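Top line first, the protein sequences correspond to chains A and B. Following my numbering from start to finish, the first sequence increments by one per residue and tops out at 319. Following my numbering from start to finish, the second sequence increments by one per residue and tops out at 319. A short write-up of the structure that comes next.
Number of protein chains: 2
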Amino acid sequence: MEELLGGSLRSLAQTISHVENETLQAPLLLDSLFPHMGHAYRVGVTGPPGAGKSTLVDKITQVYRDSGKRVGIIVVDPSSPFTGGALLGDRLRMSDHYLDEGVFIRSMATRGETGGLAARSQEVGDLLDAAGYDIIIFETVGVGQVELDVVETVDTTLVVLVPESGDDIQLMKAGIIEIGDIFIINKSDREGARQLGHILEQLLALKEEQVEWKTPVCQTSATLGTGIEELMQCLERHHSHLKDTGLHTSKRRDRARQRVHRLVADQVMSDFWNTTRLDIMERGLDTVPPYQLSRSILEES
Amino acid sequence: MEELLGGSLRSLAQTISHVENETLQAPLLLDSLFPHMGHAYRVGVTGPPGAGKSTLVDKITQVYRDSGKRVGIIVVDPSSPFTGGALLGDRLRMSDHYLDEGVFIRSMATRGETGGLAARSQEVGDLLDAAGYDIIIFETVGVGQVELDVVETVDTTLVVLVPESGDDIQLMKAGIIEIGDIFIINKSDREGARQLGHILEQLLALKEEQVEWKTPVCQTSATLGTGIEELMQCLERHHSHLKDTGLHTSKRRDRARQRVHRLVADQVMSDFWNTTRLDIMERGLDTVPPYQLSRSILEES
């Protein structure tokens with residue numbers, strides 16, 4: 019543990035493996051590092067495939083590196099078994115920061131089941147926090163439910179779109195408009211960027227909490243490097259907003275509350291479903307109405 | 019209850035309201051109708067907005083009506099508060115079957131929270147089942163998580179795409195390729211239909227269970243009425259496949275098991291979180307590591 023706190027990459031990687039593989043030591047390691055957590059600024063980056071999220075993350079990372087900050091990047095990929103883990107290597111090799119010791123990149127993929135991926139990536143974020151990374155970026159691959167779960171737990175969420183995303187907004191309405199703290203129209207040198215900006219601003223005007231934080235829409239081109247400065251100013255403004263309003267603390271508490279709820283529910287329900295109760299359920303499934311069956315199971319002690 | 023079984027639309031609508039509003043009587047009503055459930059064939063229709071799902075559902079409904087079957091249509095719309103409930107009226111007015119007593123259309127929207135919408139729509143399906151509808155179509159508005167939850171519980175899932183959906187397939191990979199039993203390329207008179215068909219067939223070839231059921235890709239134009247006959251044959255084949263392999267029964271059991279799990283977990287966890295335990299959690303959130311805090315809560319009895 020001292021090694022991880024002292025900056026050992028080997029120790030960090032080993033501890034992450036414990037969390038990813040959900041070993042018996044993982045809870046102990048996480049709990050013992052708890053006093054060293056809570057300093058990092060957590061940024062989530064989500065948006066459809068092809069929006070240029072990775073390039074944008076690289077540019078943001080560069081700005082933070084130039085000011086001496088250490089950056090952790092967690093790439094979360096709840097892909098179906100079709101795509102597998104090919105992405106990690108690509109992401110690492112494509113990064114400008116492949117050889118920079120001040121940048122730690124880790125890809126987390128599902129292993130058959132998506133359940134728990136968001137929770138595990140959050141715990142890996144905690145480890146990077148304890149290891150002294152100032153900024154932790156959660157980069158997602160798409161905009162599915164797991165991705166939304168991931169960015170729901172960060173301090174600031176960036177939603178990255180491209181001018182062609184106009185049609186996708188409908189598709190993404192369930193959650194994505196609500197979840198973004200800053201919207202980015204990337205590849206904004208292409209046609210339709212201004213128009214999409216207007217559509218977004220109209221949608222965002224309907225969000226309730228626009229009085230306290232007016233969600234900005236930034237136009238960038240990560241490849242050309244334009245608009246990055248304005249984006250960094252938006253990030254800085256949102257970070258200050260969180261601290262000024264106390265939202266920073268309440269978001270951290272929400273994360274902790276959510277996690278304790280999950281840990282407790284997992285244990286309580288796994289204790290509850292003993293063989294007797296499972297038997298009652300299986301025997302009754304075809305013939306006993308569901309509410310009555312539930313009552314019989316609940317009454318069995 | 020006798021009135022509902024006897025075909026009273028008024029009684030059916032009243033019972034649905036009980037389920038939608040989660041009244042105290044809802045569990046009793048559902049349980050008492052349980053012996054009359056289990057005969058209907060449940061079909062889910064999902065796909066991105068603008069794919070023509072409603073028109074297609076109307077065409078399918080017409081074919082079933084022509085053969086004397088009664089059809090229930092449940093439109094599930096987990097929209098954000100932005101769109102509200104405007105859809106229902108449109109969907110009703112646009113349907114060819116607005117005035118047909120053999121067709122029952124009901125729209126179900128979220129009311130602020132999406133939790134439970136999939137479960138409630140399934141219970142409304144059960145009511146239509148008990149009321150003697152032969153076919154129950156669950157039509158979704160988009161392809162979000164709730165929509166996937168909805169179609170996960172049906173017998174046969176149709177995924178409706180359009181030739182332009184090529185780019186969206188990436189976006190939708192998390193779940194939608196796995197969940198479809200029959201794929202439909204609607205508006206297939208447009209350019210790119212054949213190409214999308216090839217892409218889909220390649221993706222589907224990687225699905226594991228292709229030995230037992232080779233997922234077909236149908237080309238339709240719901241507006242022009244082409245391809246509907248082939249689609250109906252695919253539906254008929256899949257229905258037979260389910261019955262021949264016993265999957266029909268195991269899917270019904272999965273639905274029942276999932277529901278009992280949920281009912282029991284809701285009750286157990288709501289009993290568990292008494293004020294003492296909530297107090298321990300709230301007092302510990304800032305200072306006690308999460309696993310240790312969970313243990314303290316679990317040890318409190």
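Ideal Cβ positions, reconstructed from N, Cα and C, are used throughout, including at glycine. Since this is a predicted model, take the numbers as computed values, not measurements.
6 Å Cβ shell around residue i - same chain, five flanking residues per side excluded
{"i": "G25(A)", "result": "none"}
{"i": "I153(A)", "result": "Y59, Y82, K87 and V89"}
{"i": "D167(A)", "result": "A136"}
{"i": "L146(B)", "result": "G90 and I154"}
{"i": "T233(B)", "result": "L222"}
{"i": "G103(A)", "result": "Low local confidence applies: a pLDDT of 41 at G103(A) is under 50, so the model's placement there is unreliable, and no value is given."}
Beta carbon proximity, residue i to chain D, threshold 7 Å
{"i": "M299(A)", "result": "No chain D appears in the structure shown, which is made up of the protein chains A and B."}
Option in the options with minimal Cα separation from residue i
{"i": "W291(A)", "options": "E317(A), R271(A) and V278(A)", "result": "E317(A)"}
{"i": "H115(A)", "options": "V142(A), L74(A) and T244(A)", "result": "L74(A)"}
{"i": "Q237(A)", "options": "L214(A), L222(A) and N204(A)", "result": "N204(A)"}
{"i": "V169(A)", "options": "G198(A), E141(A), E182(A) and T263(A)", "result": "G198(A)"}
{"i": "T294(B)", "options": "I195(B), L146(B) and S314(B)", "result": "S314(B)"}
{"i": "R301(B)", "options": "M299(A), Q140(A), L253(A) and A274(A)", "result": "A274(A)"}
{"i": "V282(B)", "options": "S258(A), L27(A), I78(A) and M299(A)", "result": "M299(A)"}
{"i": "D84(B)", "options": "G120(B), N39(B), E40(B) and M55(B)", "result": "G120(B)"}
{"i": "L27(A)", "options": "D76(A), D118(A) and P53(A)", "result": "D118(A)"}
{"i": "P53(B)", "options": "K261(B), M19(B) and T64(B)", "result": "M19(B)"}
{"i": "V306(A)", "options": "D284(B), V278(B), G243(B) and L42(B)", "result": "V278(B)"}
{"i": "T79(A)", "options": "L253(A), V286(A), D284(A) and K261(A)", "result": "L253(A)"}
{"i": "H256(A)", "options": "G243(A), S268(A) and T174(A)", "result": "T174(A)"}
{"i": "N39(B)", "options": "I202(B), D297(B), R138(B) and Q285(B)", "result": "R138(B)"}
{"i": "G143(A)", "options": "A31(A), K77(A), I202(A) and G68(A)", "result": "A31(A)"}
{"i": "D76(A)", "options": "G68(A), D284(A), G243(A) and T267(A)", "result": "G243(A)"}
{"i": "V178(A)", "options": "G68(A), T267(A) and K261(A)", "result": "G68(A)"}
{"i": "Q276(B)", "options": "T41(A), G134(A), V286(A) and L296(A)", "result": "L296(A)"}
{"i": "G134(A)", "options": "S268(A), D289(A) and D284(A)", "result": "D284(A)"}
{"i": "D289(B)", "options": "S268(B), S319(B) and L42(B)", "result": "S319(B)"}
Close beta carbons around residue i, own chain, < 7 Å, minus the five adjacent residues each side
{"i": "V172(A)", "result": "R60, V61, G62 and F156"}
{"i": "A44(B)", "result": "H36 and V37"}
{"i": "S29(B)", "result": "E21 and L22"}
{"i": "E141(A)", "result": "V37 and L48"}
{"i": "G245(B)", "result": "S206, C236, Q237, T238 and S239"}
{"i": "T101(A)", "result": "At T101(A) the pLDDT is 37, less than 50, meaning the model places this residue with poor confidence; the figure from the coordinates comes in the next sentence. Once the five neighbours on either side are set aside, T101(A) has no close Cβ partner at all."}
{"i": "L189(A)", "result": "Unreliable placement is indicated for L189(A), whose pLDDT of 48 sits below 50; the coordinate value is still reported in the next sentence. Cβ within range, chain order: n/a, list empty."}
{"i": "S98(A)", "result": "Only weak support exists for where S98(A) lies, its pLDDT of 40 falling under 50; the value from the coordinates is given anyway. Cβ within range, chain order: n/a, list empty."}
Anticipated Cβ contact below 8 Å, residue i with residue j, distance rounded
{"i": "P66(B)", "j": "G160(B)", "result": "7 Å"}
{"i": "T33(A)", "j": "L23(A)", "result": "With a Cβ gap of about 11 Å, T33(A) and L23(A) do not count as contacting."}
{"i": "L303(B)", "j": "R271(A)", "result": "5 Å"}
{"i": "L176(B)", "j": "I200(B)", "result": "5 Å"}
{"i": "M55(B)", "j": "A148(B)", "result": "5 Å"}
Close Cβ partners of residue i (< 8 Å) along its chain, the five nearest in sequence each way excluded
{"i": "E219(B)", "result": "V235"}
{"i": "R208(B)", "result": "V180, P181 and E182"}
{"i": "T241(A)", "result": "G70, T73 and K205"}
{"i": "Y151(B)", "result": "A58, R88, V89, G90 and F122"}
{"i": "E165(A)", "result": "T64, V94, P96, T158 and V159"}
{"i": "H259(A)", "result": "E230, W231 and L265"}
{"i": "T263(B)", "result": "E230"}
Contact between the stretch 294-312 of chain A and the stretch 48-55 of chain B (3+ Cβ pairs under 8 Å): yes
Members of the stretch 200-211 of chain B near chain A, C-beta cut-off 8 Å: none
Positions along the stretch 267-286 of chain B whose CB lies within less than 7 Å of some CB in chain A: R271, A274, R275, R277, V278, L281, V282, A283, Q285 and V286
Validate contact between the stretch 249-256 of chain A and the stretch 209-221 of chain A using beta carbons, cut 8 Å, 3 pairs: no
Against chain A: residues of the stretch 168-179 of chain B by CB proximity under 9 Å: none
Proximal residues, the stretch 40-60 of chain A versus chain B, C-beta separation under 7 Å: P45, L48, D49 and F52
Residues from the stretch 305-318 of chain B in contact with chain A, defined by Cβ distance under 7 Å: P307, P308, Y309, Q310, L311, S312, I315 and L316
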